[in-house]
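Asks: Let me give you the structure first, and then I'll get to my questions.
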Amino acid sequence: MSFKKYFELRGNLASKDKIVLTIIGSLFLIGCWFLLAEFLSKTLVTQDESVDLSKISETEQRYYKSDSLLVANYDTLENFSEEKLQSFGLKKQKVYPLLPSPVKVLKAFPELNDKDDVIGNTFFSIKLNFLGYFLAILISIPVGFLLGLIPLFRGLFSQIIDSYRFIPLTAVTGIFIMWLGLGSEMKVAFLAFGIIVYLIPVVVQRIDEVEKVYLNTVFTLGATSWQTIRSVYIPYVFSKIIDDIRVLTAISWTYITIAEMLNKGGGIGELIWTAKRQSRIDKAFAILIIIVIIGILQDRLFVFIDKLLFPYKHLNKGNKH
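Using this note's numbering, you'd call the opening residue of the sequence shown number 1 and step up by one each time.
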C-alpha cells in the first residue's frame, strides 16, 4: 500500500481512509491527554471518612485533628505507607488540579445526569441557540440585501454596521440586562446581536461576489430588477450564506454560555459556572465534550440541509474530483 497519497498537496482521501484516520487521530489525542493528565497529577494526603476515630489512640487522634501538625509534617506523611496513614485516619488520593484524566471525565457524566439535569439544561441551551439564530437570520438577510443592493442604504449604514464587529460582546451584556432583564429574552437578544454583527456584512459580501456574467444574461433577457433579485441574487446568496451560517454556529455557543453564566436560569453555561465554583474541572470538561458533540451534529445537519436545498453545489464538487 502506497502512503504517498497521504502527503499529496491538497490531495483527496477516500471515505474509508477518512474514517480510519479520524479514529486513529482521536485515539492518539486521547492517549496524549491521558499521559499529560497523569504527569500533571498530584498525590495528596486527605482525611479518610471511613475511619472510625474512636477506635484509634488519643495520641493518634490529636495527630489526626491537628491541622498545623499535618501541614508541618506533610512531606513525612506523603512517604508513609497506606497502613500507617490509615491508622491516623488518612489516605493518599491522586488529584488532577490542572487537567482531568479522561477516566475522571467519563465518570463525571453520570453525576451530571443525576445531580445537574444535564439533559434538560442541554436542550434549554439548544432552544435558546435556535431562537437566537432564527431571530438573527430573520433580521440579517433582509438588511444585508438592502445594504448590498441599494447604494443609498449602503452609503448610509454599511460602514456603521461593519464597525459593530469590533464591539466586545462581553462588555455589552450589562446593557442587555438593563434593557431586558435576566430572563431568556435577554439571552436570545444577546445571542442574536452577536450573530447579526457578523452575518449582515457577510450577506453584503456575498451579493458583491455575484458574477457579472449572470447579471448580463438576465439583463439581455430583459429581466426587471425584482426578477434579477429573484432569479440571480437570492439563489446565489442563499447557496453561499448557508456555509457562513454553519461556521457562525460555533461562535453562537460561545455567546450562549456567556449569557447563561449571568444568572441561574438553566443551561450549559450555568453548569460550567457551577463546576468552576465547585473546582470540578472534570465536570467542566465533560460539559465541553457535550458542546462539541452538539456542534458536530449541528454541522452535519447544516451539510444535510445544504445538500437537500442546493444539490448542484456538491455535484460540481464531485465532478472536480
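Cβ atoms here follow ideal geometry from the backbone N, Cα and C, with glycine treated the same way.
Quick one: using the 10 Å Cβ neighbour count with 16 as the cut-off for buried, is Leu99 buried or exposed?
Replies: With at least 16 other beta carbons inside 10 angstroms of its own, Leu99 counts as buried.
Asks: If you count every other CB in all the chains shown that lies within 10 Å of the CB of Ile296, and 16 or more means buried, which is it?
Replies: exposed
Asks: Quick check: what's the CA-CA separation for Lys187 versus Ile268?
Replies: Distance from the CA atom of Lys187 to the CA atom of Ile268, rounded to whole angstroms, is 13 Å.
Asks: Whose C-beta lies closer than 8 Å to the C-beta of Asp299 among residues of the same chain, with five residues either side of it excluded?
Replies: The residues are Arg246, Thr249.
Asks: Taking the alpha carbon of Thr43 as the reference point, which residue from Val202, Val143, Tyr96 has its own alpha carbon closest?
Replies: Looking only at Val202, Val143, Tyr96, the smallest Cα-Cα distance to Thr43 is reached by Tyr96.
Asks: Let me know the secondary structure DSSP gives Gln159 once reduced to three states.
Replies: helix
Asks: When you compare only the Cα positions, how much space is there between Ile24 and Lys18?
Replies: C-alpha of Ile24 to C-alpha of Lys18: approximately 10 Å in a straight line.
Asks: Give me the Cα-Cα distance between Lys264 and Thr217, rounded to the nearest whole angstrom.
Replies: 57 Å
Asks: Can you tell me whether Lys264 is helix, strand or coil according to DSSP?
Replies: coil
Asks: How about Leu147 and Ser163: are their beta carbons less than 7 Å apart?
Replies: no
Asks: From Val197, Ser41, Arg277, pick the residue whose C-alpha is nearest to that of Gln346; which is it?
Replies: Shown here, the chain extends from 1 to 321; a query on residue 346 therefore has no answer.
Asks: Going by C-alpha to C-alpha distance, which of Asp243, Ile287, Ile126 sits closest to Lys307?
Replies: Nearest of Asp243, Ile287, Ile126 to Lys307, Cα basis: Asp243.
Asks: Let me know the secondary structure DSSP gives Val210 once reduced to three states.
Replies: Annotated three-state conformation of Val210 is coil, per DSSP.
Asks: Could you please give me the residues that DSSP links to Thr43 through a beta bridge?
Replies: Per DSSP, the beta bridge partners of Thr43 are Lys94.
Asks: Relative to the alpha-carbon of Lys127, which residue among Gly155, Arg206, Leu191, Ala171 has its alpha-carbon at the smallest distance?
Replies: Leu191
Asks: Could you compute how far the alpha carbon of Trp226 sits from the alpha carbon of Val172?
Replies: Annotation: Trp226 to Val172 spans about 38 Å, alpha carbon to alpha carbon.
Asks: Going by alpha carbons, who is nearest to Phe302 out of Phe238, Phe193, Ser279, Ile289?
Replies: Phe238
Asks: In its own chain, which residues sit with a C-beta less than 8 Å from the C-beta of Pro102, not counting the 5 before and 5 after it?
Replies: Ile30, Trp33, Phe34, Ala37
Asks: Output the distance between the C-alpha atoms of Tyr133 and Ile195, rounded to the nearest integer angstrom.
Replies: 7 Å
Asks: Glu185: buried (16+ other C-beta within 10 angstroms of its C-beta) or exposed?
Replies: exposed
Asks: Give the straight-line distance between the Cα atoms of Leu309 and Lys212, rounded to the nearest whole angstrom.
Replies: 24 Å
Asks: Confirm, please, whether the CB-CB distance from Tyr214 to Val203 is below 7 Å.
Replies: no
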